[in-house]
Amino acid sequence: MILVHGAGIDQQRHYRCVGIGVGPANLSLAALMHGHPELTNIFVDKKETFGWHDGQQMPNTTIQVSMLKDLVTLSQPTNQFSFLAYLHESGRLYHYLNAQFDAVPRQEFRNYMEWASQKNENIVFGQEVLSVEFSDLFRVRLSGGTLTADNVVIGVGVRPWVPPQVTAYLGDRQFHVSDFLTKADGLGGLRVGVVGGGQSGAEAFLDLISRTGPDMPRRVVWISRRPNYLPLDDSPFTNDYYMPGYSDYFASLDAVTRKAFNARHLLTSDGISEATLRLIYQRIYTHRFINGYTDLVALYPNRQVSRVARAPAGAWHLTLTHNEHPGVAESAELDVVVWATGFAPAPTDFLHPLNARLEREGDEYKIDNSFAIQWDGPPDHNIFIQNAARGQRGLADPNLSLNAWRSQRILDRLRGVRTEHHLDSFIEWMTKPAGAKLQGA
Ligand SMILES: Cc1cc2nc3c(=O)[nH]c(=O)nc-3n(C[C@H](O)[C@H](O)[C@H](O)COP(=O)(O)OP(=O)(O)OC[C@H]3O[C@@H](n4cnc5c(N)ncnc54)[C@H](O)[C@@H]3O)c2cc1C
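For the sequence shown, position 246 matches number 245 in numbering that gives the first Met the number 0, and the numbering has no gaps at all.
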């Protein structure tokens, strides 16, 4: 028996479900499963304690979705692991209301999830999953023992991504934005570049241009491949893409159409919050026109970093290519570069023993409508996978919007029931059968 934080993984016990990874995705499933003790379950994470993008908890950042898109509310509004239950249990529900936040502070949402992880005795930290094997049942080999299970749910999330040419230079003077809190210190008087025009790049840039006195950099440069610093589209009909019905409709499309859709509508998930853009613009105005810092900020959208090289005195020389003037090579000399170039799915090397038995679609595992990987094993033994099917389920897959719904669908499959309850969208996404008349036409 492995004991962690007073809870235990009982190696003698056989589980209906073992969860790998405890981020929002599997934490949601663990919360929904908590009300079904007959479904014995345990969720393990390699981290020693709970964390949620802790290197990017810059001051004043907020989550980009409604507080109702918590771990459980959209499928079980009365579940004890809701954000409201957290506020209530910690005695701050009135204060939260009075604070009138426009959006939930990111640190508060992180603290909520930590609370949910501590309240659930089926969550264990400090256990890395090393391999998953199958013969009649799953054997999940951990850093501290082995578990057996009927089903496995993978929720290992994402890892930082930088362009391959940058990897060799990573350290204290070039780093991924996920290390911002620990590495972006002591930048007063330096030339700092942020590469990446999404929300993470915007938050890093805003933080850097908000520094004052001796902490103020000499110059802050923001480079983005996108044609401008573009907002997140959070309007009502666009948000239909983040509803369960659209996720199912999307899954029914052919692969080429799905890929084109994701590229065309990327900004519905990866754009910058309007509030962040407004703050950035106002801060630049203040620096330039009120405080007289005329050359603190430089904005270079519509450009790719095509080369990175060492420059004298420990600086970096970046060559930029303008998307609309590819023949002109521009350059920037910087002391520090923050790469806000996104995230890629985290590795699932632990599936190696089963790889030949699992179906794929492109670089994703092929999943069915319950997020189970299609494989040649028995149908009552499944490997579910969360947040790893953007190509098959659309832009909502890595997002918090469908977290509770997706977990519910997995839970329903394990219980052999269907509990989903929501009316159809106002929009008719699906075509009618050939020859059928459209309503009202
Ligand atoms: C800074 C940031 C802010 C975001 N804000 C929002 C937002 O406001 N709204 C929104 O909709 N989306 C947001 N997202 C996107 C998305 O909601 C998050 O990335 C979310 O964390 C994904 O949850 P997850 O559970 O899939 O993965 P993760 O949160 O990445 O969790 C995966 C866990 O798996 C563990 N793990 C990995 N491998 C193993 C292993 N072999 N054994 C054991 N454990 C393992 C890791 O330690 C980790 O704890 C944000 C993303 C980032 C980067």
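C-beta: ideal position from N, C-alpha, C; glycine also.
On the DSSP letters alone, give me the boundaries of the alpha helix (DSSP H) that P23 sits inside.
Going by DSSP, P23 is part of the alpha helix (DSSP H) stretching over 23-32.
A24: CB within 7 Å of a non-hydrogen atom of ligand 1:
yes
Where does Q281 fall in DSSP's three states?
helix
Can you give the Cα-Cα distance for V151 and V21, rounded to whole angstroms?
Rounded to whole angstroms, V151 to V21 spans 13 Å at the Cα level.
Sorted by chain position, which residues of the same chain lie with C-beta nearer than 8 Å to A355's C-beta, five sequence neighbours on each side aside?
none
Leaving out the 5 sequence neighbours to the left and right, which residues in its chain are closer than 7 Å to N25 when beta-carbon positions are compared?
Around N25: G18, F42, V152, G154, Q385.
Quick check on the burial criterion: 16 or more other C-beta atoms within 10 angstroms. Buried or exposed for H33?
buried
So, with DSSP's three-state summary, where would you put V176?
Of the three classes helix, strand and coil, the one that applies to V176 here is helix, per DSSP.
If the criterion is Cβ atoms closer than 8 Å, does the pair V194 and I222 meet it?
yes
What does a CB cutoff of less than 7 Å around L437 pick up in its chain, not counting 5 residues either side in sequence?
K431
Would you kindly work out how many angstroms separate the C-alpha atoms of T60 and Q106, rounded to a whole number?
8 Å
Just how far apart, CA to CA, sit I279 and D178?
21 Å
Per DSSP, T72 forms a beta bridge with which residues?
None; T72 has no bridge partner.
CB of H33 to nearest heavy atom of ligand 1: below 7 Å?
Remark: the shortest separation between the CB of H33 and any heavy atom of ligand 1 does not fall under 7 Å.
Suppose you measure from the CA of G200 to the CA of L70; what does that come to, to the nearest Å?
26 Å
Report yes if the C-beta distance between N368 and D247 is below 8 Å; otherwise report no.
yes
In whole angstroms, what is the alpha-carbon distance linking D44 and V139?
One alpha carbon belongs to D44, the other to V139, and they sit about 13 Å apart.
Buried or exposed by the 16-neighbour rule on C-beta atoms within 10 Å, applied to I8
buried
Please report the straight-line C-alpha distance between A433 and V128, rounded to a whole angstrom.
Their Cα atoms are separated by approximately 49 Å.
If you measure between the beta carbons of S406 and S81, is that distance less than 8 Å?
Going by C-beta atoms, S406 is not nearer than 8 Å to S81.
Mark V307 as exposed unless 16 or more other C-beta atoms lie within 10 angstroms of its C-beta, in which case mark it buried.
buried
Please state the DSSP three-state secondary structure of W315.
strand
Is A433 helix, strand or coil when you go by DSSP?
coil
Indicate the three-state DSSP secondary structure (helix, strand or coil) for P213 in the structure shown.
Residue state, collapsed to three classes: helix.
State the Cα-Cα distance for the pair V103 and H286, rounded to the nearest angstrom.
28 Å
Between the Cα of Q126 and those of L92, Y14, P76, L141, spot the shortest distance and give me the residue it belongs to.
Looking from the CA of Q126, the closest CA among L92, Y14, P76, L141 belongs to L141.
Would you list the one or two residues that DSSP bridges to W51?
Its beta-bridge partners do not exist; DSSP assigns none.
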